[in-house]
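S.K.:
2 protein chains.
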Amino acid sequence: MAADGDVDQRSETQRAIVEATYAALQTHGYADLTIQAIADEFEKSKSLLYYHYDTKDELLIDVLKDGLDQFATRNAVDPDATPREQIETFLDRSLPATLDDETRAFRLTIFELRSQAPINEAYREQFARADRLLHETLVEILERGIETGDFRDVDPAYTTDLLLSLTEGGMTRHLVTSDTAEVAARDTLDTYVESTLLAD
Amino acid sequence: MAADGDVDQRSETQRAIVEATYAALQTHGYADLTIQAIADEFEKSKSLLYYHYDTKDELLIDVLKDGLDQFATRNAVDPDATPREQIETFLDRSLPATLDDETRAFRLTIFELRSQAPINEAYREQFARADRLLHETLVEILERGIETGDFRDVDPAYTTDLLLSLTEGGMTRHLVTSDTAEVAARDTLDTYVESTLLAD
Chain L
1118 MAADGDVDQR SETQRAIVEA TYAALQTHGY ADLTIQAIAD EFEKSKSLLY
1168 YHYDTKDELL IDVLKDGLDQ FATRNAVDPD ATPREQIETF LDRSLPATLD
1218 DETRAFRLTI FELRSQAPIN EAYREQFARA DRLLHETLVE ILERGIETGD
1268 FRDVDPAYTT DLLLSLTEGG MTRHLVTSDT AEVAARDTLD TYVESTLLAD
Chain G
1118 MAADGDVDQR SETQRAIVEA TYAALQTHGY ADLTIQAIAD EFEKSKSLLY
1168 YHYDTKDELL IDVLKDGLDQ FATRNAVDPD ATPREQIETF LDRSLPATLD
1218 DETRAFRLTI FELRSQAPIN EAYREQFARA DRLLHETLVE ILERGIETGD
1268 FRDVDPAYTT DLLLSLTEGG MTRHLVTSDT AEVAARDTLD TYVESTLLAD
């Protein structure tokens, strides 16, 4: 089999593992999750799963890395879009105005894995990496928008840090206090962005 | 025994339960916590614990209610202090510049219980109640500070919501990305408060 085929097959297996893990996490939660529960959701050979991973934490850290990469990489923002469009995309991904079922399930999975980070260095490293990626991405968007005149002349690093805490805190407060689809904290975020970042 | 004695004894028992639960949570984490593990940390009669609680969630919700009350009630802010002193106290409690071991342990306990809120309505109710209490407290501080001229003429509800998300997000980002005592996100919070809230 050609090398490309190997890569495709590995990434397909990896995707199937990620999906099985999300499904198992949603059914059982982190506390009650076992490799067996993930295997039960896995459509491929279960021995493949056991071959790759000894513990649920090894598996979950791979899944987390994958999920955070999707969420945080620069590719998440269209390089041809205007800075205004890019910041809008960033805000919609970080703190959507409404949570559909799929997005809610993804955010809950991340939320639950995050609760392990303070007591598990491997998790903490993944979240620190994602935070740095988001920070870099957002600073670049802000710098470009200031250059083009789309944004006011704010301090990019300070405004980035503020926006990251604001979106993180808004989502956390929503998930722990409400089960509605409408995310009230988004109004406050929009007001902040309109009144301090966007140029008139 | 007089009614007062009963109240004292109940509150003493309650405090001992809370302390045993914190200790057990710090040793075992939520996922591995059992009533037995809490009983092992409990210095009083274990039957007392089993008499009061059937499940660990019943017990944890009481502990959570107690912890959030301590954290969020109006009593947390000295009514005789100036609005500037009150907001300083509020910020120091919500997002301290450095986390000593005791504060870190308390925040981690709350953080871990919070991860249950999206999937457990009783937890969610407690966090929603605490969020409302904090919101009320902060709006009152801001309104008074605007009246006295300590603060600029900001929108109290909007600024409160922004500060609650900013402190929550700052603490979450710190706990999931770092194990240092210095909380970097506090700098951003201070800059925000100085540049938009405090009157010159």
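In the order they appear, the protein sequences are chains L and G. Per the working numbering, the first sequence runs over residues 1118 to 1317. Per the working numbering, the second sequence runs over residues 1118 to 1317. All C-beta atoms in this analysis are idealised placements derived from N, C-alpha and C, irrespective of residue type, glycine included.
Note down, in chain order, every chain L residue with its Cβ under 9 Å from the Cβ of tyrosine 1139 of chain G.
M.R.: What tyrosine 1139 of chain G touches in chain L: nothing, since even the nearest Cβ is about 14 Å away.
S.K.: On the premise that phenylalanine 1228 of chain L lies in contact with serine 1295 of chain G, defined as a C-beta separation below 8 Å, what is that separation, rounded to the nearest angstrom?
M.R.: With 8 Å as the limit, serine 1295 of chain G and phenylalanine 1228 of chain L do not qualify as a contact, their Cβ atoms being about 18 Å apart.
S.K.: Around the Cβ of alanine 1302 of chain G, are there at least 16 other Cβ atoms within 10 angstroms (buried) or fewer (exposed)?
M.R.: Alanine 1302 of chain G is buried by the Cβ-count criterion.
S.K.: When you compare only the Cα positions, how much space is there between arginine 1269 of chain G and leucine 1315 of chain G?
M.R.: If you take the alpha carbons of arginine 1269 of chain G and leucine 1315 of chain G, they lie about 6 Å apart.
S.K.: Which residues in the same chain as glutamate 1158 of chain L place their Cβ atom closer than 7 Å to its Cβ, once the five residues preceding and following it in sequence are excluded?
M.R.: Hits under 7 Å: Ala1137, Ala1140, Ala1141.
S.K.: Three or more C-beta pairs under 8 Å: does that hold for the region 1206-1221 of chain L against the region 1286-1300 of chain L?
M.R.: The region 1206-1221 of chain L is in contact with the region 1286-1300 of chain L.
S.K.: For leucine 1292 of chain L, would you say it is in contact with chain G, using Cβ-to-Cβ distances shorter than 8 Å as the test?
M.R.: Closer than 8 Å to some Cβ of chain G, the Cβ of leucine 1292 of chain L qualifies, so yes.
S.K.: For a test of the three-state rule: what should DSSP assign to glutamate 1264 of chain L, helix, strand or coil?
M.R.: Three-state DSSP puts glutamate 1264 of chain L in a helix.
S.K.: Can you check the region 1176-1237 of chain G for any alpha helix (DSSP H) of at least 4 residues that lies completely inside it and give the ranges in chain order?
M.R.: For the region 1176-1237 of chain G, whole alpha helix (DSSP H) runs of length 4 or above, ordered along the chain, are 1200-1211, 1218-1231.
S.K.: In chain order, what residues of the same chain lie with their CB nearer than 6 Å to the CB of histidine 1252 of chain G, ignoring the 5 residues before and after it?
M.R.: Excluding positions up to five away in sequence, the list reads Thr1277.
S.K.: Could you tell me whether any Cβ in chain G is nearer than 8 Å to the Cβ of serine 1164 of chain L?
M.R.: No, its Cβ sits nowhere closer than 8 Å to a Cβ of chain G.
S.K.: Taking tyrosine 1168 of chain L as the query, report the chain G residues whose CB atoms sit under 8 Å from its CB, ordered along the chain.
M.R.: Near tyrosine 1168 of chain L there are no residues of chain G at all, since even the closest Cβ is about 26 Å away, more than 8 Å.
S.K.: How would you label histidine 1291 of chain L, buried or exposed, when you count the other beta carbons within 10 angstroms and need 16 or more for buried?
M.R.: By the neighbour-count rule (16 or more Cβ atoms within 10 Å), histidine 1291 of chain L is buried.
S.K.: Grab the span of the alpha helix (DSSP H) containing threonine 1289 of chain G for me, first residue to last.
M.R.: Unbroken alpha helix (DSSP H) run through threonine 1289 of chain G: 1273-1294.
S.K.: Report all residues from its chain with a CB closer than 7 Å to the CB of alanine 1120 of chain L; omit the five preceding and five following residues, and keep chain order.
M.R.: Per-residue confidence for alanine 1120 of chain L stands at a pLDDT of 45, beneath the threshold of 50, marking its modelled position as unreliable; no derived number is given.
S.K.: For aspartate 1278 of chain G, would you say it is in contact with chain L, using Cβ-to-Cβ distances shorter than 8 Å as the test?
M.R.: Cβ-Cβ to chain L under 8 Å: yes for aspartate 1278 of chain G.
S.K.: Taking the alpha carbon of threonine 1308 of chain G as the point to measure from, which residue in G:Arg1261, G:Glu1299, G:Leu1208, G:Ala1247 has its own alpha carbon closest?
M.R.: For threonine 1308 of chain G, the nearest C-alpha among the options comes from G:Leu1208.
S.K.: Which word fits isoleucine 1224 of chain G, buried or exposed, when buried means at least 16 other C-beta atoms lie within 10 angstroms of its C-beta?
M.R.: Per the sequence shown, residue 1224 of chain G should be read as arginine rather than isoleucine. The residue is buried, with at least 16 neighbouring Cβ atoms inside 10 Å.
S.K.: Could you give the DSSP three-state label for glutamate 1253 of chain G: helix, strand or coil?
M.R.: Residue state, collapsed to three classes: helix.
S.K.: Of all the CB atoms in chain L, is at least one closer than 8 Å to the CB of glutamate 1260 of chain G?
M.R.: Output row for glutamate 1260 of chain G: interface = no.
S.K.: Express the C-alpha separation of leucine 1150 of chain L and glutamate 1160 of chain L in angstroms, rounding to a whole number.
M.R.: Cα to Cα, glutamate 1160 of chain L sits roughly 18 Å from leucine 1150 of chain L.
S.K.: Looking at chain G, is there any beta carbon in it that lies within less than 8 Å of the beta carbon of alanine 1298 of chain L?
M.R.: Taking Cβ atoms only, chain G never reaches closer than 8 Å to alanine 1298 of chain L, which makes this a no.
S.K.: Does the beta carbon of glutamate 1311 of chain L sit closer than 8 Å to a beta carbon anywhere in chain G?
M.R.: Judged by the 8 Å Cβ criterion, glutamate 1311 of chain L is not in contact with chain G.
S.K.: What three-state label does DSSP hand valine 1299 of chain G in the structure shown?
M.R.: It is glutamate, not valine, that sits at residue 1299 of chain G in the sequence shown. Three-state result, glutamate 1299 of chain G: strand.
S.K.: With H, G and I counted as helix, E and B as strand and the rest as coil, what does DSSP make of leucine 1166 of chain G?
M.R.: Three-state DSSP puts leucine 1166 of chain G in a helix.
S.K.: Excluding sequence positions up to five away, which residues of its chain have a Cβ less than 8 Å from the Cβ of arginine 1241 of chain L?
M.R.: Taken in chain order, the residues that qualify are Ala1234, Pro1235.
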